[in-house]
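One structure is given here, and the rest of the page talks about it.
Protein chains: 2
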Amino acid sequence: MKIAIAQINPVIGDFEYNSSRIKYYAGKAKERSCDMVVFSELVISGYPPRDLLEKKDFIEANLSCLFRLVDEISGIGVICGFVDKNPVDEGKPLYNSAALFENGKILHRVNKRLLPTYDVFDESRYFEAGTECTPYTYKGEQIGITICEDVWNDKDIFKKRIYHINPVELMVKGGASLLVNISASPFSVGKKEFRRNLFGAIAGKHKVPFIFANQVGGNDSIIFDGTSAVFDGHGNIKALASDFEEDIIFYDFGEQTGITYEKNIHPVSGADVEQVMKALIMGTRDYVVKCGFSKVVLGLSGGIDSALTAFIAAQALGSENVLSVFMPSRYTSADNYEDTKKLAENIGVGFEVIPVDGVFKEFIRLLSPSFREDDPDITEQNLQARIRGTVLMALSNRQGRLLLSTGNKSELAVGYCTLYGDMNGGLAVISDIPKTVVYDLAHFINREKEIIPSRIIEKAPSAELKPDQTDQDDLPPYEILDSILKGYIEDLKGAGELIESGFDPKLVKGVISKVDMNEYKRHQAAPGLKVTTKAFGYGRRYPLAQRYTQSIYKK
Amino acid sequence: MKIAIAQINPVIGDFEYNSSRIKYYAGKAKERSCDMVVFSELVISGYPPRDLLEKKDFIEANLSCLFRLVDEISGIGVICGFVDKNPVDEGKPLYNSAALFENGKILHRVNKRLLPTYDVFDESRYFEAGTECTPYTYKGEQIGITICEDVWNDKDIFKKRIYHINPVELMVKGGASLLVNISASPFSVGKKEFRRNLFGAIAGKHKVPFIFANQVGGNDSIIFDGTSAVFDGHGNIKALASDFEEDIIFYDFGEQTGITYEKNIHPVSGADVEQVMKALIMGTRDYVVKCGFSKVVLGLSGGIDSALTAFIAAQALGSENVLSVFMPSRYTSADNYEDTKKLAENIGVGFEVIPVDGVFKEFIRLLSPSFREDDPDITEQNLQARIRGTVLMALSNRQGRLLLSTGNKSELAVGYCTLYGDMNGGLAVISDIPKTVVYDLAHFINREKEIIPSRIIEKAPSAELKPDQTDQDDLPPYEILDSILKGYIEDLKGAGELIESGFDPKLVKGVISKVDMNEYKRHQAAPGLKVTTKAFGYGRRYPLAQRYTQSIYKK
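Laid out in structure tokens, this is it:
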């Protein structure tokens with residue numbers, strides 16, 4: 040049997056567009072005389088549709104779309120994901136389903152059994168769990184279809200398992216001769232390698248070939264990397280789709296002699312830093328374009344975060360669609376004008392200079408009766424950031440440009456950012472990138488020639504909101520800060536564990552306290568692109584009014 | 040058996056404080072010679088702890104707290120909610136549990152079986168479902184303990200049931216002679232009456248008395264109203280705790296002769312408008328105080344929304360802790376100064392006037408090179424709102440006051456509000472109150488004397504961001520708008536259904552389109568107090584980058 044795996048980039052809720060992509064790739068598979076083409080999880084609606092799933096008309100539109108495809112695609116078997124209705128009045132009203140159809144008929148349906156409900160996933164919110172794992176005989180193969188999470192509960196791989204059944208084992212016991220997994224499995228650093236090991240181990244252990252058909256593209260915060268693949272019954276990878284772009288791969292199971300049907304291992308990015316860069320570029324492009332924008336604006340401070348963001352924006356949207364704005368104040372160092380101008384030239388983006396001191400003075404004049412004789416404090420610093428944020432939003436409004444915010448994960452973690460100021464924006468491009476990784480990405484950009492002026496990379500990080508300020512006045516060195524933050528945020532370690540692992544107790548408590556106290560700022564932050572196992576945003580849900588932090592801090 | 044039901048207002052994560060409340064009320068119950076005292080769901084940690092449940096040290100602190108209470112409270116049986124660990128390495132790691140303890144020993148534990156995972160509830164994210172429903176014999180009664188949702192799946196009440204079992208039936212079959220339900224059941228309009236009918240029906244149907252012990256207090260967006268109660272085996276209410284405050288009630292099951300142990304029906308609010316007012320006052324107080332603030336600031340525009348918010352703030356925190364700020368511009372009508380000044384006097388809050396035209400002119404001067412010769416548009420309107428928002432945040436920062444935002448639900452729904460402008464704030468007090476209900480609340484406030492100057496109530500609503508502007512220039516009359524919004528947001532009706540029910544098709548599509556296109560603003564909004572069945576915020580989760588809306592709108 041000759042199989043195609045089509046990895047497409049659907050737009051959530053755009054049934055017409057998604058159908059057209061499905062038909063286009065089904066056509067490509069037919070051209071290559073494939074018996075079957077496999078698409079990803081919920082490909083008809085795009086994943087994740089979130090609460091659109093609660094709208095009856097959305098569900099009906101998704102079913103109509105499936106039925107049209109069943110009618111319109113002929114001469115090839117198609118496996119694709121869709122939302123099915125639960126026919127009984129008990130349990131959740133929907134299923135996350137896969138259909139196998141051919142020549143006007145749905146031959147087989149499967150409902151997802153393991154419903155991820157953690158981090159960014161809320162599937163138990165919408166879906167009833169499936170109850171059956173039965174392979175379906177198609178052209179002589181016993182095809183065992185599973186959906187994403189269904190294959191993530193192998194007891195040899197996961198020490199702690201959150202589900203009680205393993206659909207893969209049940210499919211194999213039922214006689215499956217080919218395992219097909221349709222997925223919407225998001226990117227994070229290291230995930231590609233983990234998946235490859237997991238799927239290879241499953242195929243090898245059960246001695247059954249394994250197909251992984253993944254979604255590609257960005258949907259809000261979540262980035263799907265693709266890398267769809269075919270594993271043979273020894274667990275060897277026989278075909279591999281690219282990462283971070285639409286792709287189609289082919290594999291002929293009739294020729295399992297060790298020679299693949301054709302050159303089918305497509306190039307994917309290597310080092311983490313390259314993967315992250317591609318993820319951010321695709322995530323930015325998809326967010327901006329799927330929101331209906333083509334142009335963006337952002338502030339350039341002369342620092343490394345905004346430089347990186349500007350580079351990503353130019354790569355994602357074309358430099359002609361990016362406007363960068365330099366907004367000096369009395370505290371801006373002289374170098375920064377030169378550095379930002381050079382950067383804008385190097386990457387070819389628009390560049391404007393709008394000094395903010397006049398407005399700042401007018402605000403101070405206005406507020407001085409209320410401020411009385413207090414010394415300047417954080418209020419004046421925030422005020423400058425808010426003036427800049429307001430300038431950028433005015434340009435965004437007037438010119439129809441989406442504003443990109445430029446804060447990194449380390450800053451956002453400890454609240455080293457101003458709500459309604461530099462946090463303004465429709466997308467927080469690097470909000471899941473720790474400061475130390477910001478440097479790695481900058482060096483990666485400059486690996487062949489100097490694109491980001493070296494002075495931007497080398498200067499001491501500073502918010503430049505008061506005289507002679509640097510980040511390290513208030514924060515520990517970023518290497519240490521990022522290690523503590525990773526332990527606390529991604530690995531969910533408590534203060535005790537972090538201190539035991541060797542960090543200074545006072546420092547740990549200080550950092551943790553800052554993270555928790557600034558939850559309210561992140562609650563109002565723009566969505567950010569997720570590239571780690573735990574990003575700020577809707578996969579991390581903390582109460583705002585709580586006193587757990589204070590009670591730790593007192594100890 | 041003589042039972043006390045203690046309805047307390049826990050602070051999330053403040054184990055010490057919550058313990059002290061539990062011990063205080065256990066003491067009160069002992070004073071009255073009760074055999075047992077019942078507390079609410081997860082009373083030890085406060086509900087909902089959300090992702091704090093993913094922290095190992097949080098779970099350990101909660102268990103230590105339970106064990107200390109078991110040791111320290113003697114001479115009375117105690118039922119209380121806590122987080123238990125799942126002892127096996129399969130399934131979710133936690134249980135939402137109840138313990139019955141007495142004199143240093145935990146006699147009985149129950150795990151919640153039905154885990155709500157919809158709207159604001161994410162329990163499947165954290166908890167493994169319990170598997171047993173067995174009553175426990177205590178002082179001659181067979182006590183069937185259930186936890187909140189466990190009693191919300193009766194087939195005579197719910198036509199569509201989302202769970203496959205009914206723990207109440209199982210408890211009754213197991214011989215329960217007394218049903219005890221510990222809850223954290225949030226307030227919404229009409230919920231109190233629904234609960235009373237539900238619990239009465241359950242008690243009457245099974246001929247078993249029913250105890251409902253509910254949490255009280257606000258935690259972020261969610262407001263718990265209390266109204267804990269005792270129903271006899273005929274479904275009649277025999278004891279009732281107050282709404283929106285801590286309370287304790289007593290009932291003697293030894294005297295089931297129709298005469299209650301003592302006057303135990305405490306007063307609760309009547310009309311919806313009174314309930315909503317109390318909910319908003321408590322919700323505001325609890326959010327501000329639990330976040331560690333005592334003082335607030337808000338902008339007064341001369342309109343009804345900010346007037347209502349100021350009144351609520353004064354009731355919640357004491358008028359001496361509220362600063363109101365009037366910020367006129369060239370478009371502000373002359374009456375508004377008088378009206379706001381009078382309002383501030385009537386409710387006794389601080390009042391400052393800060394005109395914003397100077398800063399506005401300076402911004403326009405600054406931006407004019409970038410704006411070129413375009414006519415003024417929405418950009419200038421947003422700019423004024425952002426200047427005001429920045430002034431308010433400066434006062435918030437300098438004076439340590441939490442900023443309250445004043446937008447209502449109708450505005451927020453259609454995006455009639457400025458992100459980083461009037462949306463600024465730590466709490467959106469009335470963001471779940473439709474404009475028509477804003478009027479009801481204003482009339483309720485003025486029922487005995489004029490507190491909100493009548494001109495504020497009577498004038499045509501206007502954002503006053505351009506000359507002679509009123510809301511009705513851009514929006515349909517609020518009665519119609521609110522009906523469409525309720526259908527779309529709360530009742531999840533689609534465009535088709537709304538048009539069928541008699542609304543103008545063009546109007547419906549226009550309103551729906553506005554709601555969906557402004558999802559990005561609400562994504563960055565302050566938390567708001569939830570009083571309807573569907574509020575904006577974390578109980579309503581829509582993708583931002585999606586094209587379903589546009590595809591409807593094209594039809």
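Residue numbers (this note's numbering), protein chains in the order written: chain A, 40 to 594; chain B, 40 to 594.
We put the beta carbon where it would ideally sit given N, CA and C, even for glycine.
Selected residue, minimal CA-CA separation from residue i, among the options
i: Arg425 (chain B); options: B:Gly66, B:Glu503, B:Val315, B:Thr457; result: B:Thr457
i: Ile491 (chain B); options: B:Lys532, B:Thr379, B:Asp396; result: B:Thr379
i: Asn375 (chain B); options: B:Tyr177, B:Gly179, B:Ile495, B:Gly143; result: B:Ile495
i: Pro206 (chain A); options: A:Lys198, A:Lys178, A:Gly169; result: A:Gly169
i: Leu524 (chain B); options: B:Glu487, B:Thr572, B:Leu480; result: B:Thr572
i: Ser435 (chain A); options: B:Asp286, B:Lys488, B:Ile417, B:Val547; result: B:Ile417
i: Ala45 (chain A); options: A:Lys69, A:Ser163, A:Leu209; result: A:Lys69
i: Ile287 (chain A); options: A:Gly143, A:Asp530, A:Cys73; result: A:Cys73
i: Asp259 (chain B); options: B:Ala467, B:Val550, B:Val554; result: B:Ala467
i: Arg440 (chain A); options: A:Ser333, A:Ala353, A:Leu520, A:Gly460; result: A:Ser333
i: Gly387 (chain A); options: A:Lys198, A:Leu209, A:Gly341, A:Ser358; result: A:Ser358
i: Arg60 (chain A); options: A:Ile112, A:Leu102, A:Phe97; result: A:Ile112
i: Gly322 (chain A); options: A:His273, A:Glu497, A:Ile469, A:Ser308; result: A:Ile469
i: Glu497 (chain A); options: A:Gly341, A:Phe542, A:Pro306; result: A:Gly341
i: Thr509 (chain B); options: B:Gly229, B:Gly535, B:Glu450; result: B:Glu450
i: Tyr559 (chain A); options: A:Ala452, A:Gln511, A:Arg324, A:Leu422; result: A:Ala452
i: Phe390 (chain A); options: A:Lys94, A:Asn360, A:Asp555, A:Asn236; result: A:Asn360
i: Gly239 (chain B); options: B:Ile196, B:Met316, B:Tyr290; result: B:Ile196
Assumed close pair residue i, residue j - CB separation to whole angstroms, cut-off 8 Å
i: Leu347 (chain A); j: Asp471 (chain A); result: The Cβ separation is near 13 Å, so there is no contact.
i: Arg152 (chain A); j: Ile204 (chain A); result: 7 Å
i: Ala310 (chain A); j: Ile51 (chain B); result: No, Ala310 (chain A) and Ile51 (chain B) are not in contact; Cβ-Cβ is about 42 Å, not under 8 Å.
i: Gly120 (chain B); j: Leu92 (chain B); result: Contact doesn't hold; Cβ gap of about 13 Å is too wide.
i: Ala223 (chain A); j: Ser79 (chain A); result: 6 Å
i: Ala138 (chain A); j: Leu105 (chain A); result: 6 Å
i: Phe263 (chain A); j: Phe226 (chain A); result: 6 Å
Per DSSP, the bridge partner or partners of residue i
i: Arg200 (chain B); result: A:Glu129
i: Met432 (chain B); result: Bridge partners of Met432 (chain B): none, in fact.
i: Lys144 (chain B); result: B:Glu141
i: Val361 (chain B); result: B:Val335
i: Leu442 (chain A); result: A:Val336
i: Glu391 (chain B); result: B:Val364
i: Asn609 (chain A); result: Lying before the first or after the last residue shown, residue 609 (chain A) is absent from chain A, which here runs from 40 to 594.
i: Ala502 (chain A); result: Looking at the DSSP assignment, Ala502 (chain A) forms no beta bridge with any residue, so it has no partner.
i: Ser166 (chain B); result: Per the sequence presented here, residue 166 (chain B) reads as Phe, with Ser not at that position. Its beta-bridge partners are B:Leu133.
i: Tyr177 (chain B); result: B:Glu180
i: Ala45 (chain B); result: B:Ile287
i: Thr571 (chain B); result: Looking at the DSSP assignment, Thr571 (chain B) forms no beta bridge with any residue, so it has no partner.
Residue i - DSSP class collapsed to helix/strand/coil
i: Phe483 (chain A); result: helix
i: Asp264 (chain A); result: strand
i: Leu466 (chain A); result: strand
i: Tyr549 (chain B); result: Here the sequence assigns Gly to residue 549 (chain B), which means Tyr is not the residue at that position. Gly549 (chain B) falls in the helix class under three-state DSSP.
i: Tyr56 (chain B); result: helix
i: Thr156 (chain B); result: coil
i: Ala564 (chain B); result: coil
i: Met75 (chain A); result: strand
i: Gln423 (chain A); result: helix
i: Val554 (chain B); result: helix
i: Thr185 (chain B); result: strand
Contiguous alpha helix (DSSP H) assignments of at least 4 residues, all confined to the stretch 83-136 of chain B:
Within the stretch 83-136 of chain B, the complete alpha helix (DSSP H) segments at least 4 residues long are 95-111, listed from N- to C-terminus.
Can you list the beta strand (DSSP E) stretches of 3 or more residues lying completely in the stretch 267-345 of chain B, in chain order?
Within the stretch 267-345 of chain B, the complete beta strand (DSSP E) segments of 3 residues or longer fall at 268-270, 276-279, 286-291, 335-339, listed in chain order.
Please give the ranges of any beta strand (DSSP E) in the stretch 203-234 of chain A, keeping only runs that are unbroken, at least 3 residues long and fully inside the region.
Runs of the beta strand (DSSP E) lying entirely within the stretch 203-234 of chain A, each at least 3 residues long, are 217-222 in chain order.
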